[in-house]
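So the structure is just underneath, and the comments pick up after that.
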Amino acid sequence: MRPPPKLSSVILYSVISAAFIGPGTITTAITAGATHQLQLLWAVALGTLGCLLLQETSARIVISSGLNLGQASQKCFGNTWGKTLMVLVGVTVMLGCAAYEAGNVLGAVSGLNLLTALDTRILTVLVAVASFAVLWSNKRQVISWLMTALVGLMGIAFFALALQQPFSIQEVVRYTVVPAFPSGSALLILGLVGTTIVPYNIFLGSGISKGKTIPLMRIGLTVSVLVGGLITAAILIAGTSVQAFSSFPELADSLREKLGPVGSLALGVGLFAAGFSSSITAPYASSIIASVVFGWEDTRRLRLVWGSVLVIGFLFGISGIKPIPVILTVQALNGLMLPLLVALLIAVVNQRTVISAPHLPGLLYNLLLLLVLGSVVLIGLNQVEKAFIALNVLSQSYFNVLVWCSGVLVVCMGGWVYWARKQV
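Following this line, the structure appears as structure tokens:
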């Protein structure tokens, strides 16, 4: 018996929330909670709304035009420029999938280490083999149901931790809707927004939207992304139970002391679910990107793409080698590509030759998109700056300059949108 269409849409898009809640999200959210208590909950809400807006935009383009993002880009900018832009963005994002896959695998292993005494190398092999088996099945329905189960597991685990904290609902709501900027919080704010708005997720969401209807897409996306945001908020609230975050074993010990065995158990289950789901979605997304960018439909080619990402993650994970310069370089490139991808989405969704009139965005929608663009430009420039500082190219931060640059680029993009909408 097939589930109702609305439920099927929610299950299909659960891959989005599974993809953006990975070990990096958990680390950032716990650090934010430990450092600033509830004060940065609003940043989680902002990132969640930004993610929903961009996912809806990319899916709207695919459904309204009947084209994938690569084809829509070529129709908007011409074959040469459109193809060049999409290859530039797509290949860089695929490299990002490979660079972070080791962290996904090791995140799942870290969760299992809190639950079992098995050797880390054995657990790494088990996680990689399980991920391989799921991806090899090449069944979107299997992946969607598994992601739904893992998101549910994460939700139960982290809500169990969050509900143990001594905060009222009124406090949680207040810090969610009223922005606060405690001293030294700027980078964490950018981190919370940036860990939610993930470049490969945009390709992933658009790729699974082909052939769907806009109403069902919106239902599935809204539920999936909001659930992901709620889980991220629960992780932040759970992080308020510790004074500082240094490692998952130490956090587990602290939670065990305060909450009993359920504390470390919930952390282990949640961390495993987050790492394992991301170790599947990152390679899965890379194959969708290859299909969009290069037009590949051949299963063997796509398996080669996701297989390469998974193998790279497994090898670095089991060897313990951390290619820091490579990761920093890819991080900097992804920092540049996310704003470019968002700008490309804004340009395409406002192009009358691509999007049918009923699906063109209105003024408020465009203003929100420009706000998101400003945020991701600032996040991207900050990632590039951090990479340059780590590589000793820069000696200090120029955050105010980054803010001004972001503002100027948003104004320029807004002017372009106004001009494009005036064209017949």
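Just so you know, our numbering puts 296 at position 289 of the sequence shown, and the rest follows in order with no gaps. Here a beta-carbon is modelled for each residue, glycine too, at the ideal position from N, C-alpha and C. None of the values given here were measured: they were computed from a predicted structure.
Scanning the region 288 to 364 for uninterrupted alpha helix (DSSP H) segments of 4 residues or longer gives 306 to 326 and 331 to 356, listed from N- to C-terminal end. Straight-line measurement puts the Cα of residue 91 at about 45 Å from the Cα of residue 179. Apart from sequence neighbours up to five positions away, the residues of its chain that approach residue 261 with a beta-carbon distance below 6 Å are 249, ordered along the chain. Inter-residue distance for residue 388 and residue 167 is about 36 Å (C-alpha atoms, whole angstroms).
A distance of 8 Å or more separates the beta carbons of residue 64 and residue 258. Taking 8 Å as the cut-off, the beta carbon of residue 193 is found closer than this to the beta carbon of residue 406. For residue 405, the three-state secondary structure derived from DSSP is coil. Taken through DSSP and simplified to helix, strand or coil, residue 279 comes out as helix. In terms of Cα proximity to residue 410, the closest of 402, 390 and 384 is 384. For residue 260, the uninterrupted alpha helix (DSSP H) run begins and ends at 255 to 266, by DSSP. DSSP places residue 206 in the uninterrupted alpha helix (DSSP H) bounded by 206 to 214. In the same chain as residue 21, and ignoring 5 residues on each side of it, the C-beta atoms closer than 7 Å to its own belong to 151, 154, 155, 158 and 231, in chain order. Comparing alpha carbon positions, the residue from 236, 104, 96 and 191 closest to residue 56 is 236.
Each residue's CA atom was taken as its position, placing residue 138 and residue 288 some 9 Å apart.
Residue 23 sits in a helix when the DSSP states are folded into three classes.
Here residue 128 is exposed: its Cβ has fewer than 16 other Cβ atoms, across all protein chains shown, within 10 Å.
The Cβ atoms of residue 320 and residue 136 lie no closer than 8 Å to each other. Just so you know, the alpha carbons of residue 255 and residue 281 end up roughly 13 Å apart.
The DSSP-derived three-state label of residue 74 is coil.
In the structure shown, the three-state DSSP call for residue 13 is helix.
Going by beta carbons, residue 361 and residue 72 fall inside the 8 Å limit. Residue range 221 to 246 is occupied by the alpha helix (DSSP H) that includes residue 246. Annotation for residue 148: the continuous alpha helix (DSSP H) segment containing it runs 147 to 169. For the options 106, 359, 247 and 252, the alpha carbon positioned closest to that of residue 80 is the one of 359. Between residue 104 and residue 391, the CB-CB gap reaches or exceeds 8 Å. Nearest to residue 368 by alpha-carbon distance, out of 345, 122, 205 and 353, is 353. Around residue 347, the same chain offers 92, 95 and 96 as residues with beta carbons nearer than 8 Å, after the five sequence neighbours per side are excluded.
By the C-beta density criterion, residue 426 is exposed, having fewer than 16 other C-beta atoms within 10 angstroms. With at least 16 other beta carbons inside 10 angstroms of its own, residue 67 counts as buried.
Of 144, 199, 417 and 172, the smallest CA-CA separation from residue 247 is found for 172. In terms of Cβ geometry, residue 386 and residue 197 form a close pair [threshold 8 Å]. In this structure, the beta-carbon distance from residue 364 to residue 41 does not fall below 8 Å. Counting along the chain, residue 366 sits inside no alpha helix (DSSP H), nor does DSSP assign it H or E at all.
Residue environment analysis places residue 206 among the buried positions, since at least 16 neighbouring C-beta atoms fall within 10 angstroms of its C-beta. Taking 8 Å as the upper bound for CB-CB distance, residue 213 and residue 69 are in contact here, some 5 Å apart.
One thing to note: residue 36 has its Cβ within 8 Å of the Cβ of residue 199.
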